[in-house]
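Asks:
Numbering (this note's numbering), first residue to last: 24 to 586.
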């Protein structure tokens, strides 16, 4: 009864203040100390209406430690939502979720990011999410090179000032000097959020008061969130802005800023930054297999394969996708060595072609050894139909290759993907979105940044005809479902591969795969207008024309990631 009375007193006040741990609160009849200021009244009321009194007790359990262990020599103010009076305090050493912004405009900017991420991992900062990658015009001091900007979410047991010290050490070791404020720097690492705390000390302010006016900070920050608020920590972050993070981002211009005003969302590939939103890319398929469903055995010699590469490039292909393992339904799996024997001679000869300059080469494989060897020979992209599920080493290997990774949705493997269990969906777009996101999460935890991911919903793989049609019509819905968990992942490039698939034959009554090109053009058109960024096709010429028309229509109305 005493605790209930105290809770009522707290609801009568403007804010609800807790000090000490749960044990102390219970032992002292919920006596409140000064120094940690929690949740505004309107938030408490909102949660109480939904969840009842149990929510209040959950705050005690989730937010407050039973002991306060981390000591700091800095005189600081730590609070939830609102600053408290300046006081020397201790912060518990349990893991805290943090957000760290990255920026670079000196030297190899992407390599600087990769090195900074590596050093953070070695220093007790476990990275869990990555934002998209942005190339941005400099702010404040404008006479300097363009920046790369991004951000990461992580968990750490480092205290806030320990974390600051680690980041400053990384900056120094990577060559950053004091220099001009807002001037060029090889790496810039800033703490945007630290747990649920506001921090104001002599050397650290979290969140920084100018976050809300900087699109190059807000864009990657919003990427790290989902449209659904999935944790109290994230709810705290939203509260740090008077209007909430989403409203603050929209006030700056939101998604309409991307692609203009010095803010480009890019994917790093082949020593350049690819802005995939400007133009839909056409990926030409080259099957080096004797048993592919469409053209098996047609390009099984190096000479015939190279002739087809030249033909596809002349017809306008942006990417050539080399596949040496059939993934048609019920296909038999070949060994790593046999796949390499088919692939590498064609890959090497393709790279010698003068006309390959400016084009991209992807390797279609689910074997990590094949991916590694192909990239070492010059391939630019790894295209994995299994999303890392058929080779336990794939994600770890791709993380070290530093190339884009196309993760496709598939249940089971090519031999089992069309069985009845793998074809069960209650809501195919929602489930494909959820399962693709889980694939990305696994990849991120293995070290593959979200800014290197391409998503493929897997048309024709563990899908019935009606499922494939729903996906073609529902790409925006799939992005939206992913966006509930990660707005950044929802804006990743999307690839579709309907070319000559069986569902087109069923709908159009075309038994032969090569008769399905008109149906393919229609499917590609629907997909591009629905938000696809890359189309994977056999017939390059006709689909290049379809894509050009779609792009022209989209340019008329304006493009966005529609997350």
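Think of the CB as a built atom: it goes at the ideal place given N, C-alpha and C, for glycine as much as any other residue. Please read these numbers as outputs of a predicted model, since none were measured by experiment.
1. Where DSSP assigns a beta bridge to residue 291, which residues make up the other side?
2. Tell me the DSSP bridge mates of residue 177?
3. What is the DSSP secondary structure of residue 311, reduced to helix, strand or coil?
4. On the three-state DSSP scale, how would you describe residue 518?
5. One question on the structure: do residue 374 and residue 339 come within less than 9 Å of each other, judged by their Cβ atoms?
6. Rounded to whole angstroms, what's the CA-CA distance from residue 484 to residue 433? Just pull it up for me.
7. Skipping 5 residues on each side, what residues in its chain have a beta carbon closer than 6 Å to that of residue 508?
8. Do you know how far the Cα of residue 238 is from the Cα of residue 445?
9. Helix, strand or coil, according to DSSP, for residue 449 in the structure here?
10. Which whole-angstrom value describes the C-beta separation of residue 389 and residue 408, a residue pair presumed to lie in contact below a C-beta threshold of 8 Å?
11. Would you tell me roughly how many angstroms separate the C-alpha atoms of residue 391 and residue 469, rounded to the nearest one?
12. How big is the Cα-Cα spacing for residue 118 and residue 414?
13. Where does residue 626 land, buried or exposed, given buried means 16+ other C-beta within 10 angstroms?
14. Measure from the alpha carbon of residue 301 to the alpha carbon of each residue in 411, 287, 313, then state which is nearest.
15. Assuming the contact rule is C-beta atoms closer than 8 Å, residue 473 and residue 515 should be a hit. Round their C-beta distance to whole Å, please.
16. Thinking C-alpha only, which one of 430, 247, 183, 336 is nearest residue 566?
17. Using only the alpha-carbon positions, how far apart do residue 362 and residue 305 sit?
18. Among residues of its own chain, excluding the 5 on either side of residue 241, which ones have a beta-carbon nearer than 8 Å to its beta-carbon?
19. Under 7 Å Cβ to Cβ from residue 487, same chain only, skipping five residues before and after it: list those, please.
20. Is it the case that the segment 322-331 contacts the segment 292-299, given that we only count it when at least three CB pairs across the two stretches are under 8 Å?
21. Residues in the same chain with beta-carbon distance under 8 Å from residue 452, minus the five sequence neighbours each way, listed in chain order, please.
22. What separation, rounded to the nearest whole angstrom, lies between the Cα atoms of residue 471 and residue 255?
23. Relative to the C-alpha of residue 342, which residue among 387, 311, 356, 185 is closest?
24. According to the Cβ coordinates, are residue 136 and residue 127 closer than 9 Å?
25. Verify whether the separation of the beta carbon atoms of residue 403 and residue 383 is less than 9 Å.
26. Confirm, please, whether the CB-CB distance from residue 245 to residue 596 is below 9 Å.
27. How is the alpha helix (DSSP H) around residue 332 delimited, first residue to last?
28. What are the start and end residues of the beta strand (DSSP E) that includes residue 501?
29. Is it right to say residue 410 is buried, meaning 16 or more other beta carbons lie within 10 angstroms of its own, or is it exposed?
30. Ends of the alpha helix (DSSP H) at residue 134?
31. Skipping 5 residues on each side, what residues in its chain have a beta carbon closer than 7 Å to that of residue 371?
32. Since I believe residue 522 is in contact with residue 560 (beta carbons under 8 Å), could you give me their beta-carbon distance rounded to a whole number of angstroms?
33. Would you check if the distance between the CB atom of residue 406 and the CB atom of residue 440 is smaller than 9 Å?
34. Count the other C-beta atoms from every protein chain shown that fall within 10 angstroms of the C-beta of residue 143, then say buried if there are 16 or more, exposed otherwise.
35. Hey, how far is the Cα of residue 197 from the Cα of residue 324?
Replies: Taking the definition as stated:
1. One-based indexing of the chain shown puts residue 291 at position 268. Paired residue(s): 296.
2. The sequence position of residue 177 within the chain shown is 154, counting from 1. Residue pairing of residue 177 in beta bridges, as defined by DSSP: 121, 150.
3. Working through the chain shown from its first residue, we reach residue 311 at position 288. Residue 311 falls in the coil class under three-state DSSP.
4. Counting from one through the chain shown, the residue named residue 518 turns up at place 495. Residue 518 falls in the strand class under three-state DSSP.
5. Position 351 of the chain shown, counted from the first residue, corresponds to residue 374. Position 316 of the chain shown, counted from the first residue, corresponds to residue 339. In this structure, residue 339 does not lie closer than 9 Å to residue 374 by Cβ.
6. One-based indexing of the chain shown puts residue 484 at position 461. One-based indexing of the chain shown puts residue 433 at position 410. Their backbone Cα atoms lie some 6 Å apart in a straight line.
7. Position 485 of the chain shown holds residue 508. Closer than 6 Å at Cβ, skipping near neighbours: 249, 460.
8. Working through the chain shown from its first residue, we reach residue 445 at position 422. Working through the chain shown from its first residue, we reach residue 238 at position 215. Using only the alpha carbons, I get a separation of about 43 Å.
9. On the chain shown, residue 449 is found 426 positions in, with the first residue counted as 1. Residue 449 falls in the coil class under three-state DSSP.
10. The count along the chain shown starts at 1 and reaches residue 389 at position 366. The count along the chain shown starts at 1 and reaches residue 408 at position 385. Right, the Cβ-Cβ distance comes to about 6 Å (below 8 Å), so this counts as a contact.
11. The residue labelled residue 391 in the question sits at position 368 within the chain shown. The residue labelled residue 469 in the question sits at position 446 within the chain shown. Rounded to whole angstroms, residue 391 to residue 469 spans 14 Å at the Cα level.
12. As a position in the chain shown, residue 118 is number 95, starting the count at 1. As a position in the chain shown, residue 414 is number 391, starting the count at 1. In a straight line, the C-alpha of residue 118 is about 32 Å away from that of residue 414.
13. The question about residue 626 has no answer, for the chain in this structure spans 24 to 586.
14. The sequence position of residue 301 within the chain shown is 278, counting from 1. 287 is the residue among 411, 287, 313 whose C-alpha sits nearest the C-alpha of residue 301.
15. As a working note, residue 473 is residue 450 in the chain shown. As a working note, residue 515 is residue 492 in the chain shown. Right, their Cβ atoms sit about 7 Å apart.
16. Translated into the one-based positions of the chain shown, residue 566 becomes position 543. With distances taken between CA atoms, residue 566 lies nearest to 336 out of 430, 247, 183, 336.
17. Locating residue 362 in the chain shown gives position 339, counting from the first residue. Locating residue 305 in the chain shown gives position 282, counting from the first residue. Distance between the alpha carbons of residue 362 and residue 305 is about 24 Å.
18. Residue numbering aside, residue 241 sits at position 218 when the chain shown is read from its first letter. Same-chain partners within the cutoff: 234, 235, 268, 271, 272, 275.
19. Taking the first residue of the chain shown as 1, we reach residue 487 at position 464. If we look at residue 487 and ignore the five residues flanking it on each side, its Cβ neighbours are 446.
20. Taking 8 Å as the limit for Cβ pairs, the verdict is that the segment 322-331 does not touch the segment 292-299.
21. Residue 452 sits at position 429 when you count from the first residue of the chain shown. Apart from the 5 residues on each side of it in sequence, residue 452 sits with its Cβ closer than 8 Å to the Cβ of 493, 494, 497, 500, 501, 504 in its chain, given in chain order.
22. Residue 471 sits at position 448 when you count from the first residue of the chain shown. Residue 255 sits at position 232 when you count from the first residue of the chain shown. Residue 471 and residue 255: Cα-Cα distance of roughly 27 Å.
23. By one-based count along the chain shown, residue 342 stands at place 319. Of the candidates 387, 311, 356, 185, the residue whose Cα lies closest to the Cα of residue 342 is 387.
24. Locating residue 136 in the chain shown gives position 113, where the first residue counts as 1. Locating residue 127 in the chain shown gives position 104, where the first residue counts as 1. The criterion of a C-beta distance shorter than 9 Å is satisfied by residue 136 and residue 127.
25. What you label residue 403 is simply residue 380 of the chain shown in a count that begins at 1. What you label residue 383 is simply residue 360 of the chain shown in a count that begins at 1. Yes, these two residues count as a Cβ contact at 9 Å.
26. Beyond the ends of the chain as shown, which are 24 and 586, falls residue 596; an answer cannot be given.
27. For the purposes of this step, residue 332 is identified with residue 309 of the chain shown, where counting begins at 1. 325-337 is the span of the alpha helix (DSSP H), which, as asked, contains residue 332.
28. The residue labelled residue 501 in the question sits at position 478 within the chain shown. Element bounds for residue 501: not the beta strand (DSSP E) but the alpha helix (DSSP H), 498-506.
29. The sequence position of residue 410 within the chain shown is 387, counting from 1. Buried: at least 16 other Cβ atoms inside 10 Å.
30. Numbered from 1 along the chain shown, position 111 holds the residue referred to as residue 134. Here the alpha helix (DSSP H) through residue 134 covers 132-145.
31. Residue mapping note: residue 371 aligns to position 348 of the chain shown, counting from 1. Taken in chain order, the residues that qualify are 400.
32. If you number the chain shown from 1, residue 560 lands on position 537. If you number the chain shown from 1, residue 522 lands on position 499. Contact annotation, residue 560 with residue 522: C-beta distance approximately 4 Å; criterion of less than 8 Å satisfied.
33. As a position in the chain shown, residue 406 is number 383, starting the count at 1. As a position in the chain shown, residue 440 is number 417, starting the count at 1. Result no, Cβ atoms of residue 406 and residue 440 do not sit closer than 9 Å.
34. Sequence index remark: in the chain shown, residue 143 carries index 120 (1-based). By the neighbour-count definition (other C-beta atoms within 10 Å, threshold 16), residue 143 is a buried residue.
35. Stepping through the chain shown from its first residue, residue 197 is reached at position 174. Stepping through the chain shown from its first residue, residue 324 is reached at position 301. Roughly 48 Å between the two C-alpha positions.
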